[in-house]
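For the sequence shown, full-length UniProt numbering gives the first residue as 1, with consecutive numbering after it. All residues carry an ideal CB built from backbone N, CA and C; glycine is no exception. Bear in mind that the values here come from a model prediction, so they are computed numbers and not experimental data.
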Amino acid sequence: MDQTHDIFEGIPVPGPKATPASATDQSHGKPRATNNKKTRKYFSDVQPTFMLQAPPPKLEFLDHADPFKAEIVRKKAREYVNRNKDATRRRTGTGTGLTPSTNVWVPDSGYGRDKHAPHHVASPAVEATTDVVHRRLGLSGKGNVGITPPWLTPLDITLSRFDPFNVLPDVGRPVNHIIEFSTYTGSGLYGLLILHRESCSHFLNSCPDEVPCLDDKYAWRPQQAVTTISRDNTVLGCMIAERVSYILWLFATTMIRDAMNGQWGTGENFYYYRLALMEMRKEAARNVEQFTDAFMSALACFTAAANFSGQWSAAEMHCDAMVKATKLKGQGDLLKGIRAFKPWTQKAMMWCEFHVVAQGPTAPVFPYLPPTSMLELPGDLVTEAKRLQQLTLSQLPSHLAAPLPDIILQLHELSLSTSGQLKWPMSSVQIKLDPSISRTLYNTEYELLQLLSLQKHGDSVTHLPVEILLAETCQMYIWTTIRMLPPVMKLCDLFVTRLKKALLPYTDITTAGKTADTSQQQSFGSDLGLDESRIQQAALDLQTCPYSLIWPLFLGTLVSATRPEHQWFKEQLLRYVRDSRHVKNEDDLKNVLQMFPFTGALYSLGMAGLNIDYGNIAVY
Numbered sequence: 001m002d003q004t005h006d007i008f009e010g011i012p013v014p015g016p017k018a019t020p021a022s023a024t025d026q027s028h029g030k031p032r033a034t035n036n037k038k039t040r041k042y043f044s045d046v047q048p049t050f051m052l053q054a055p056p057p058k059l060e061f062l063d064h065a066d067p068f069k070a071e072i073v074r075k076k077a078r079e080y081v082n083r084n085k086d087a088t089r090r091r092t093g094t095g096t097g098l099t100p101s102t103n104v105w106v107p108d109s110g111y112g113r114d115k116h117a118p119h120h121v122a123s124p125a126v127e128a129t130t131d132v133v134h135r136r137l138g139l140s141g142k143g144n145v146g147i148t149p150p151w152l153t154p155l156d157i158t159l160s161r162f163d164p165f166n167v168l169p170d171v172g173r174p175v176n177h178i179i180e181f182s183t184y185t186g187s188g189l190y191g192l193l194i195l196h197r198e199s200c201s202h203f204l205n206s207c208p209d210e211v212p213c214l215d216d217k218y219a220w221r222p223q224q225a226v227t228t229i230s231r232d233n234t235v236l237g238c239m240i241a242e243r244v245s246y247i248l249w250l251f252a253t254t255m256i257r258d259a260m261n262g263q264w265g266t267g268e269n270f271y272y273y274r275l276a277l278m279e280m281r282k283e284a285a286r287n288v289e290q291f292t293d294a295f296m297s298a299l300a301c302f303t304a305a306a307n308f309s310g311q312w313s314a315a316e317m318h319c320d321a322m323v324k325a326t327k328l329k330g331q332g333d334l335l336k337g338i339r340a341f342k343p344w345t346q347k348a349m350m351w352c353e354f355h356v357v358a359q360g361p362t363a364p365v366f367p368y369l370p371p372t373s374m375l376e377l378p379g380d381l382v383t384e385a386k387r388l389q390q391l392t393l394s395q396l397p398s399h400l401a402a403p404l405p406d407i408i409l410q411l412h413e414l415s416l417s418t419s420g421q422l423k424w425p426m427s428s429v430q431i432k433l434d435p436s437i438s439r440t441l442y443n444t445e446y447e448l449l450q451l452l453s454l455q456k457h458g459d460s461v462t463h464l465p466v467e468i469l470l471a472e473t474c475q476m477y478i479w480t481t482i483r484m485l486p487p488v489m490k491l492c493d494l495f496v497t498r499l500k501k502a503l504l505p506y507t508d509i510t511t512a513g514k515t516a517d518t519s520q521q522q523s524f525g526s527d528l529g530l531d532e533s534r535i536q537q538a539a540l541d542l543q544t545c546p547y548s549l550i551w552p553l554f555l556g557t558l559v560s561a562t563r564p565e566h567q568w569f570k571e572q573l574l575r576y577v578r579d580s581r582h583v584k585n586e587d588d589l590k591n592v593l594q595m596f597p598f599t600g601a602l603y604s605l606g607m608a609g610l611n612i613d614y615g616n617i618a619v620y
């Protein structure tokens with residue numbers, strides 16, 4: 001309102017007194033009334049240009065069982081149309097004496113004038129006043145009355161916030177009406193899929209008030225052919241089958257949404273967690289024969305959500321419950337139990353278990369059961385992956401044990417198969433992998449978990465430091481690059497910590513090697529639990545394979561960008577690049593990274609915050 005006051009300051013307000021001073025209307029022969037009712041009515045009913053806050057409208061949901069449903073829909077539709085007409089009339093100035101472009105009362109505009117009333121010509125003073133207003137609004141003159149003035153500025157409040165005036169209704173936590181509608185014989189699935197496609201967060205927090213009473217049979221009562229197209233092939237379609245799975249989907253979605261915003265443990269998330277826990281306890285009392293796909297999907301979702309949020313003990317507890325329920329379903333046979341469910345449920349259960357055992361790391365409990373899809377990779381891709389595998393192995397020690405060479409080959413196949421566009425914000429990304437690499441992805445992660453479990457719980461003497469380092473690097477690469485796990489997730493904390501621990505033998509030995517002090521190298525090795533032979537082997541690996549540390553350090557620097565370990569990774573990478581003989585510029589660094597599993601998007605993201613001064617690198 002202050003801006004409006006500044007615009008009109010010092011300008012006489014045009015009105016009835018600005019018309020030609022005639023006490024009598026010649027056409028009617030009656031004295032002119034000095035008190036114009038329309039003018040006074042306008043000024044008494046005038047509304048401000050905007051309000052900081054408006055009360056949220058009340059949601060009204062349509063009961064499909066009501067026999068008078070059609071009358072209710074028509075009544076609500078008429079009310080909605082009338083509200084729109086009133087809003088349009090107020091916005092355009094129709095019936096109020098305002099011009100639609102300037103909101104200035106102009107007598108000769110024709111708005112709000114009786115059609116039988118005579119047309120009065122505005123005085124020169126009124127025309128001059130209108131021109132001044134047009135110039136202050138940024139208009140060129142009288143000919144631009146119909147042009148909308150440039151109201152919006154870069155600092156306008158409506159440009160930076162969604163729903164800045166709080167006019168959308170607030171659904172909030174009471175979501176029983178949404179759950180009941182969603183699970184009612186599958187009706188509403190198509191409408192919910194549309195809402196989910198638009199924005200998951202907007203669907204959880206707000207809903208347009210015209211949607212609940214929308215008389216659209218395809219949105220609210222879709223045909224069976226429409227609902228079966230994507231019900232079994234989408235996350236929402238499978239999680240909406242029962243109340244328990246849908247509540248778990250709400251909990252997981254709000255948790256991931258808050259995590260992406262850097263907010264852990266919000267009140268809304270705790271509410272959904274309590275609601276999901278109560279529903280799971282109630283549904284777990286059902287008979288074994290009633291363990292449906294939706295119930296097992298809910299268990300798997302609970303497991304992955306707890307693991308994402310860093311609740312490791314709760315994730316293990318939910319994972320154990322999922323394994324026990326599967327074993328009961330198969331009458332003691334775990335393989336028979338998991339095959340009793342649909343392929344989508346099997347994949348969800350196995351990958352949710354991968355989430356939990358990856359933080360151990362431990363071996364998977366579910367038996368090896370790769371996807372049934374047997375689509376083969378293109379021949380050119382396989383040939384190129386084998387060539388890259390040989391290039392990678394040439395930069396690594398020759399005494400690598402199985403299955404590391406096979407894992408490197410599979411990582412090259414996965415890297416070549418992905419699109420190369422790595423975008424971590426999950427609010428605007430739909431992760432969809434090619435079905436031809438789903439089997440390769442499953443095999444790679446399964447073999448990696450088996451290897452990491454042996455390295456942790458087996459005999460440490462049989463596993464060399466370079467093998468432990470490569471296993472941890474491959475695990476971080478497959479989750480953050482191929483699976484596109486955002487680095488802000490708590491699971492990446494464990495990946496960063498384990499990779500740093502695997503790098504310590506090489507970084508400390510490199511530091512001690514500059515002094516040529518054997519006793520200092522032995523002290524570093526004793527602190528890390530390495531004997532003299534393993535210290536010599538690690539030092540020999542660095543001499544024969546000078547580029548073997550650049551890939552792990554580069555990946556660790558990228559993933560640890562928001563963690564305290566980032567500075568350590570960055571310093572080690574910069575020092576190692578400066579000490580290298582052949583890395584003299586950015587192209588050389590890119591060529592070195594391309595010898596290992598690599599994507600262009602990964603390189604561009606990692607190079608953004610390095611700021612390497614190649615001019616100070618020594619040239620040998």
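Among Arg387, Lys327, Phe61 and Leu396, the one whose alpha carbon lies nearest that of Glu289
Position 289 of the sequence shown, counting from 1, holds the residue named residue 289. Minimum Cα distance to Glu289 is reached at Lys327.
Please indicate yes or no: does the CB of Pro403 lie closer than 8 Å to some heavy atom of the ligand NAP?
Ligands are entirely absent from the displayed structure, and the ligand NAP is therefore not among its contents.
Could you tell me which of Thr480, Glu283, Ser245 and Ala305 sits nearest to Ile256, measuring between CA atoms?
Here residue 256 corresponds to residue number 256 of the sequence shown, with the count starting at 1. Among Thr480, Glu283, Ser245 and Ala305, the Cα nearest to that of Ile256 is on Ala305.
Looking at the structure shown, is Glu376 part of a helix, part of a strand, or coil, going by DSSP?
The sequence position of residue 376 within the sequence shown is 376, counting from 1. Looking at Glu376 - three-state DSSP - the assignment turns out to be coil, as it is neither helix nor strand.
Which full runs of the alpha helix (DSSP H) of 4+ residues lie inside the segment 256-337, going along the chain?
267-283, 293-308 and 312-329
With distances taken from CA atoms, which of Leu553, Tyr272, Met489 and Asn269 is nearest His355?
Taking the sequence shown and counting its residues from 1, the one referred to as residue 355 is at position 355. Of the listed residues, the one whose Cα sits closest to His355 is Met489.
Inter-residue Cα distance where the pair is Val466 and Trp351:
On the sequence shown, residue 466 is found 466 positions in, with the first residue counted as 1. On the sequence shown, residue 351 is found 351 positions in, with the first residue counted as 1. Rounded to whole angstroms, Val466 to Trp351 spans 27 Å at the Cα level.
To the nearest whole angstrom, what separates the beta carbons of Leu299 and Ala325, a pair I think is in contact under 8 Å?
To locate residue 299, count along the sequence shown from 1; it is residue 299. To locate residue 325, count along the sequence shown from 1; it is residue 325. Right, their Cβ atoms sit about 6 Å apart.
Is it the case that the Cβ atoms of Ala502 and Pro552 are separated by a distance below 9 Å?
Looking up residue 502 in the sequence shown gives position 502. Looking up residue 552 in the sequence shown gives position 552. Yes, the pair counts as a contact, with Cβ atoms nearer than the cut-off.
Return yes when the Cβ of Thr345 is within less than 9 Å of the Cβ of Ser297, no when it is not.
Against the sequence shown, residue 297 aligns to sequence position 297. Against the sequence shown, residue 345 aligns to sequence position 345. Yes; because the gap between Cβ atoms is below 9 Å, this pair is in contact.
Rounded C-beta distance between Leu391 and Ile408? I'm assuming under 8 Å.
Mapped onto the sequence shown, residue 391 falls at position 391. Mapped onto the sequence shown, residue 408 falls at position 408. About 10 Å; that fails the 8 Å criterion.
Quick check on the DSSP output: the alpha helix (DSSP H) that includes Tyr80 runs from which residue to which?
For the purposes of this step, residue 80 is taken as the residue at position 80 of the sequence shown. Where Tyr80 is concerned, the enclosing alpha helix (DSSP H) stretches over Lys69 to Thr92.
Which of the three DSSP states is assigned to Thr345 in this structure?
Counting from 1 along the sequence shown, the entry for residue 345 is found at position 345. Thr345: helix per DSSP, three-state reduction.
Please name the residue in Pro546, Glu353, Leu335 and Arg281 whose C-alpha comes closest to that of Asn307.
Counting from 1 along the sequence shown, the entry for residue 307 is found at position 307. Asn307 has its Cα closest to that of Glu353, out of Pro546, Glu353, Leu335 and Arg281.
Return the CA-CA distance between Lys500 and Leu610, expressed in angstroms with no decimal places.
The sequence position of residue 500 within the sequence shown is 500, counting from 1. The sequence position of residue 610 within the sequence shown is 610, counting from 1. Taking the straight line joining both Cα atoms gives about 18 Å.
Measure the C-alpha to C-alpha separation of Tyr603 and Glu472 and round it to an integer number of angstroms.
The residue labelled residue 603 in the question sits at position 603 within the sequence shown. The residue labelled residue 472 in the question sits at position 472 within the sequence shown. So the two alpha carbons sit approximately 19 Å from each other.
Where Thr507 and Ile482 are concerned, what is the direct C-alpha to C-alpha distance, given to the nearest angstrom?
Here residue 507 corresponds to residue number 507 of the sequence shown, with the count starting at 1. Here residue 482 corresponds to residue number 482 of the sequence shown, with the count starting at 1. Cα to Cα, the separation comes out at about 27 Å.
Excluding five sequence neighbours on each side, which residues of the same chain lie with their C-beta closer than 7 Å to the C-beta of Cys474?
Here residue 474 refers to the residue found at position 474 of the sequence shown. Cβ within range, chain order: Ile407, Leu411 and Leu448.
What does the alpha-carbon distance come out to for the pair Cys492 and Pro67?
Indexing the sequence shown from 1 puts residue 492 at position 492. Indexing the sequence shown from 1 puts residue 67 at position 67. Approximately 55 Å between the Cα atoms of the pair.
In the segment 455-490, which residue ranges form an unbroken alpha helix (DSSP H) of at least 4 residues, counting only runs that do not cross its ends?
465-477
By alpha-carbon positions, which one of Ser309, Phe291 and Tyr477 ends up nearest to Gln263?
Locating residue 263 in the sequence shown gives position 263, where the first residue counts as 1. Checking every option, the nearest Cα to that of Gln263 belongs to Ser309.
Please report the distance separating the alpha-carbon of Pro212 from that of Met280.
Residue mapping note: residue 212 aligns to position 212 of the sequence shown, counting from 1. Residue mapping note: residue 280 aligns to position 280 of the sequence shown, counting from 1. Unreliable positioning characterises Pro212 in this predicted model, as indicated by a pLDDT of 37, which lies under 50. The coordinate reading is nonetheless provided below. Roughly 29 Å between the two C-alpha positions.
Can you grab the Cα-Cα spacing for the pair Asn287 / Leu369, in whole Å?
By one-based count along the sequence shown, residue 287 stands at place 287. By one-based count along the sequence shown, residue 369 stands at place 369. Cα to Cα, Asn287 sits roughly 26 Å from Leu369.
Taking DSSP as the reference, what is the three-state secondary structure of Tyr547?
Taking the sequence shown and counting its residues from 1, one reaches residue 547 at position 547. Here Tyr547 sits in coil by DSSP.
Can you grab the Cα-Cα spacing for the pair Met607 / Tyr80, in whole Å?
Start at 1 with the first residue of the sequence shown, and residue 607 comes out as number 607. Start at 1 with the first residue of the sequence shown, and residue 80 comes out as number 80. Distance between the alpha carbons of Met607 and Tyr80: 54 Å.
Can the beta-carbon of Pro405 be found closer than 9 Å to that of Thr544?
What you label residue 405 is simply residue 405 of the sequence shown in a count that begins at 1. What you label residue 544 is simply residue 544 of the sequence shown in a count that begins at 1. Going by C-beta atoms, Pro405 is not nearer than 9 Å to Thr544.
So, are the CB atoms of Phe295 and Phe251 less than 9 Å apart?
Your numbering for residue 295 matches position 295 in the sequence shown. Your numbering for residue 251 matches position 251 in the sequence shown. No, they are not a contact pair.
Just mark His64 as buried or exposed, buried being the case when its beta carbon has 16 or more other beta carbons within 10 Å.
Translated into the one-based positions of the sequence shown, residue 64 becomes position 64. Exposed, because fewer than 16 other Cβ atoms sit within 10 Å of the Cβ of His64.
So, helix, strand or coil for Gln395, using DSSP?
Translated into positions along the sequence shown, residue 395 becomes position 395. It is coil, neither helix nor strand.
Grab me the residues of Lys342's own chain with a C-beta within less than 6 Å of its C-beta, minus the 5 sequence neighbours each way, in chain order.
Start at 1 with the first residue of the sequence shown, and residue 342 comes out as number 342. Cβ within range, chain order: Asp293.
Cutoff 7 Å; reference Gln421; Cβ partners in own chain excluding five residues on either side
Residue 421 sits at position 421 when you count from the first residue of the sequence shown. Since pLDDT at Gln421 reaches only 44, below the 50 mark, its modelled position is unreliable, and the value read off the structure follows with that caveat. Here the set comprises Ala601.
DSSP three-state assignment for Trp220, whether helix, strand or coil:
Residue 220 sits at position 220 when you count from the first residue of the sequence shown. Bear in mind that the predicted position of Trp220 carries a pLDDT of just 38, short of 50, making it unreliable; the figure below should be weighed with that in mind. In this structure, Trp220 counts as helix in the three-state DSSP scheme.
Taking the alpha-carbon positions, what's the Met595 to Leu388 distance?
As a first step, residue 595 must be located in the sequence shown, where it is residue number 595. As a first step, residue 388 must be located in the sequence shown, where it is residue number 388. In a straight line, the C-alpha of Met595 is about 7 Å away from that of Leu388.
Would DSSP call Ser160 helix, strand or coil?
Within the sequence shown, numbered from 1, the residue matching residue 160 stands at position 160. Because the pLDDT of Ser160 is 44, which lies under 50, any placement of that residue in the model is unreliable, and the question is left without a value.
Residue from Gly330, Leu469, Pro361 and Thr440 whose Cα sits closest to the Cα of residue 624
No statement about residue 624 is possible, as the shown extent of the chain runs from 1 to 620 and does not include it.
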